[in-house]
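Residue numbers (full-length UniProt numbering): 1 to 514.
All C-beta atoms in this analysis are idealised placements derived from N, C-alpha and C, irrespective of residue type, glycine included.
If you're wondering where the values come from, they're calculated on a predicted model, not measured in any experiment.
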């Protein structure tokens, strides 16, 4: 998640116990006490102590759950929902050897995948591909010129690049909602981000077309005075919603406010006065989780709610936001959804997001570099360069014939992680078959050898979540890629130079955070 390690509390400097020092009443509570003391570095913990009040934070919650999974069915979300030992003990199930059994199930799933694609999956893929040509919109080339675009998330990685694309490729005025205690603070945040990505001259050069709105997306009327809200409702004819809370874990209510309530507020604005096109940035991760009775499913642009269950609060709330968009379509909103993939650096310059340590992909790379082994049959992944993701969205967003569509915006030139790591000859990362890889993973965890790297591999592959691994989601975006090609857009096929640049930054991250 988005964790600033420099600002995390230092548990060893805290007393870490409450005045009551309530003692454990059973074996389960005693096991939890032992785990908390080990993870937090404390000599005494009361069962009524709040984990986050005695030195705990997101990183330590992940470490705690990795420890507890050896003999409990538990998720990181449980630590946030039940932050005392007494509460947690009532809501988790004791199961000896749970982590080993879980990894065994995941290993068997990967081993089965080596046997080739199941007939049902091959048939689903054939039906999807057969319908691509029929779904091409003959009017897709016709574009509209928006007068005034409202953009959210402009201080984020993708949002900043979307602002750049809209400014450079359209003549639209752009209002940007930025949170800040004062308008000057909000403007300073925006200017700093834009200077980092595009240089100090960019914002002053385009400032005449960029209108700062100091607001709060989840608040009524976006936190604006009635007059300012009504002005936006009347002037704006396009909303691009790219803001989101993208942390791995946290309080569910906070994610609902950031990812669901904010979307609802913007839908309200979109339906006020001037008709507005609504463009919602989502994530390919909504196509994951567990569907009861389904071992494998093809996840296409036509798919949404297949009954999948999400435990990850980010994915769960982004999925809920999509459902709100679909409901609003029924009320007359022209709304498109763009599910983005694995966003990485600029394709030409190699420029990365400012907070690279927040990027799940780079943390995965770092973990495998630390382990020295990688799963040879790791699923193919996309390297979706941030400038191309933003360009693809802006290529689609001003075509009225494409309104109300759902698009899978990721680089279709997939790569295998084991191959990516193998091109960097300076580091020995050995590809292993599923059996030896998972045996090695568990053995290292038990020996506490590279345990942090093991935890990171579990986390970033989704293997930390109890609902993961039960249904295999096979993503496809071939129809979106074909449509983009018709519109003259081409994705860059990652070459060895990009691989090396990625790995060099991951190495730097590995050294700087050790």
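Note on residue 38: under 16 other CB atoms within 10 angstroms of its CB, so exposed under the neighbour-count rule. The alpha-carbon separation between residue 272 and residue 104 amounts to approximately 53 Å. The beta carbon of residue 259 is closer than 7 Å to those of 244, 245, 317, 318 and 321 in its chain, skipping five residues each way along the sequence.
If you compare the alpha carbons of 330, 251 and 388 with that of residue 346, the shortest gap goes to 388. Around the C-beta of residue 154, 16 or more other C-beta atoms lie within 10 Å, and the residue is accordingly described as buried. The beta strand (DSSP E) runs of length 3 or more contained entirely in the region 194-276 are, from start to end of the chain, 210-214 and 238-241. Judged by DSSP in its simplified three-state form, residue 339 adopts strand. Collapsing the DSSP output to three states places residue 334 in a strand.
In the DSSP assignment, residue 31 falls within the unbroken alpha helix (DSSP H) covering 27-40. Per DSSP, residue 373 lies in no alpha helix (DSSP H); the unbroken beta strand (DSSP E) holding it starts and ends at 373-375. In the three-state reduction of the DSSP assignment, residue 436 falls in the helix class. In this structure the region 168-188 lies against the region 142-151, because at least three pairs of beta carbons, one per stretch, are closer than 8 Å. Short of 8 Å from the beta carbon of residue 442, and not among the five residues preceding or following it, lie these beta carbons of its own chain, in chain order: 99, 100 and 103. For residue 297, the enclosing beta strand (DSSP E) has its first and last residue at 296-299. The closest CA to that of residue 74, considering only 406, 396, 475 and 311, is found on 311. For residue 378, there is no enclosing beta strand (DSSP E), as DSSP marks it with neither H nor E. Looking at 94, 113 and 33, the one whose alpha-carbon comes closest to that of residue 434 is 113. Here the alpha carbon of residue 453 sits roughly 39 Å from the alpha carbon of residue 219. Per DSSP, residue 418 is one residue of the alpha helix (DSSP H) stretching across 417-422. Rounded to the nearest angstrom, the Cβ distance from residue 284 to residue 475 is 6 Å, consistent with a contact under 8 Å.
One alpha carbon belongs to residue 160, the other to residue 229, and they sit about 23 Å apart. The distance from the Cβ of residue 376 to that of residue 431 is about 4 Å, consistent with a contact at the 8 Å cut-off. Closest in C-alpha terms to residue 472, from the list 299, 281 and 384, comes 299. Looking from the CA of residue 483, the closest CA among 140, 343 and 119 belongs to 140. Residue 35 is positioned such that its CB atom lies closer than 9 Å to that of residue 64. Of the other Cβ atoms in all chains shown, fewer than 16 fall within 10 Å of the Cβ of residue 348; this residue is therefore exposed.
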